[in-house]
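What follows is a set of notes on a single structure, which appears directly below.
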Amino acid sequence: MKLIKVSGEEELSRMAAEYVFSKIKNADRVVLGLATGRTPLGMYRHLSKYSKEYKLSLSHVHTVNLDEYVGSKAYHAYMHQNVFDPIGIPNHQTHIPDGYAVDLEKECMRYEAVIQQLGGIDLQVLGIGENGHIGFNEPGTDFSSRTHVVELTESTLSANAKYFTREKQPRKAITMGIGTILESKEILLLAAGLKKAHAVRELFKGSLNENIPATVLNHHPNVTVIADRGARSLLEEES
Ligand code: GLP
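Residue 52 in this note's numbering is what sits at position 51 of the sequence shown, and the numbering runs on without skipping anything.
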């Protein structure tokens with residue numbers, strides 16, 4: 002696992018955007034796995050700036066998101082507002098689980114099929130939960146899991162409560178499974194702030210721990226982590 006050390010969120014956003022942008026620029030066709038949350042927002046802002054500066058057509062970019070709440074379009078709204086519209090990715094090339102699907106099990110299968118039909122994910126961008134979750138794969142999730150419906154933990158609900166001022170916060174979500182995420186050819190994980198320090202320290206211990214889902218990335222051959230000073234604080238205390 003490669004670690005890129007940055008000082009703060011601004012540098013993290015710039016480095017992450019440069020990383021993703023070089024993938025986009027140098028490929029004839031690219032499938033990006035995308036994450037929501039606060040951490041990648043700055044990266045999306047920079048990407049939008051770069052795509053305008055370089056006048057790059059994004060007709061070769063396909064996206065699949067990690068997750069969506071059940072009974073909500075919160076992450077659809079986030080992606081349109083912060084990514085698809087400003088960056089200019091054609092709508093029909095973007096994919097997000099449908100949290101309003103009548104048959105959620107069927108929706109999970111459909112989503113797996115979408116990823117297969119796209120030929121898999123070239124680069125998956127991940128954030129990390131305070132409890133070490135990736136996507137919405139909470140502690141204890143089977144490392145071979147596919148796209149599935151999850152009951153969110155109290156820790157995740159309280160960390161994300163701030164985003165639900167206008168609608169009731171859903172307690173369930175659809176998430177790509179850990180097995181699905183691991184099949185991505187390359188992974189870029191972004192970690193910012195003191196609240197992520199515990200999860201980041203566990204991640205770099207190098208061993209697998211089902212209670213910290215992100216540790217599964219130690220099993221993947223091509224992972225880069227960009228972490229700011231806060232997120233690295235416990236890791237560096239020990240070395
Ligand atoms: C949510 C998302 C994750 C994200 C995590 C951390 O739980 N489902 O994909 O990584 O939040 O978010 P933040 O970047 O806001 O700390």
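Here a beta-carbon is modelled for each residue, glycine too, at the ideal position from N, C-alpha and C.
> Under three-state DSSP, which class holds A28?
Replying inline: coil
> beta strand (DSSP E) containing E69: first to last residue?
Replying inline: Element bounds for E69: D68 to Y70.
> Taking all protein chains shown into account, do 16 or more other C-beta atoms lie within 10 angstroms of the C-beta of D1, making it buried, or fewer, making it exposed?
Replying inline: Residue 1 lies beyond the stretch modelled for the chain, which goes from 2 to 240, so this question has no answer here.
> Between the Cα of A160 and the Cα atoms of E131, P171, N138 and S146, which residue gives the shortest distance?
Replying inline: The shortest Cα separation from A160 among E131, P171, N138 and S146 belongs to E131.
> Hey, would you say the C-beta of N92 is under 7 Å away from at least one heavy atom of the ligand GLP?
Replying inline: no
> Mapping DSSP to helix, strand and coil, what is Q125?
Replying inline: In the structure shown, Q125 adopts extended strand secondary structure according to DSSP, grouped into three states.
> So is the beta-carbon of G100 under 7 Å away from any non-hydrogen atom of the ligand GLP?
Replying inline: no
> Taking 7 Å as the line, does the beta carbon of N161 fall inside it for any heavy atom of the ligand GLP?
Replying inline: yes
>> At the level of alpha carbons, what is the spacing between E203 and I188?
In response: Going by the C-alpha atoms only, they are around 18 Å apart.
> Less than 8 Å separating the beta-carbons of V21 and H61?
Replying inline: With contacts defined by Cβ atoms closer than 8 Å, V21 and H61 do not form a contacting pair.
> How is the alpha helix (DSSP H) around L236 delimited, first residue to last?
Replying inline: R230 to E239
>> Please state the DSSP three-state secondary structure of L105.
In response: helix
> Can you tell which of E211, T95 and K26 has its C-alpha closest to the C-alpha of N138?
Replying inline: E211
> Within this structure, are the beta carbons of L33 and L124 separated by less than 8 Å?
Replying inline: yes
>> Below 8 Å on the Cβ atoms is my contact criterion, and I expect S49 with P87 to pass it. Report the Cβ-Cβ distance as a whole number of Å.
In response: 4 Å
>> Taking the alpha-carbon of A114 as reference, which of K53, T148, L195 and V217 has the nearest alpha-carbon?
In response: Comparing alpha-carbon positions, the option among K53, T148, L195 and V217 lying closest to A114 turns out to be T148.
> What are the uninterrupted segments assigned as alpha helix (DSSP H) that are 4 or more residues long and contained completely in the segment 162-188, given in chain order?
Replying inline: 179-183
> DSSP three-state call for N132: helix, strand or coil?
Replying inline: coil
> Measuring from the CB of G130, is there a heavy atom of the ligand GLP at a distance below 7 Å?
Replying inline: yes
> How is H81 classed by DSSP in three states: helix, strand or coil?
Replying inline: In this structure, H81 counts as helix in the three-state DSSP scheme.
> Who does H96 pair with in a DSSP beta bridge?
Replying inline: V65
> Going by alpha carbons, who is nearest to G141 out of E106, M110 and I179?
Replying inline: I179
> For G9, is the beta carbon positioned less than 7 Å from some heavy atom of the ligand GLP?
Replying inline: no
> Is the Cβ-Cβ distance between G43 and S14 less than 8 Å?
Replying inline: yes
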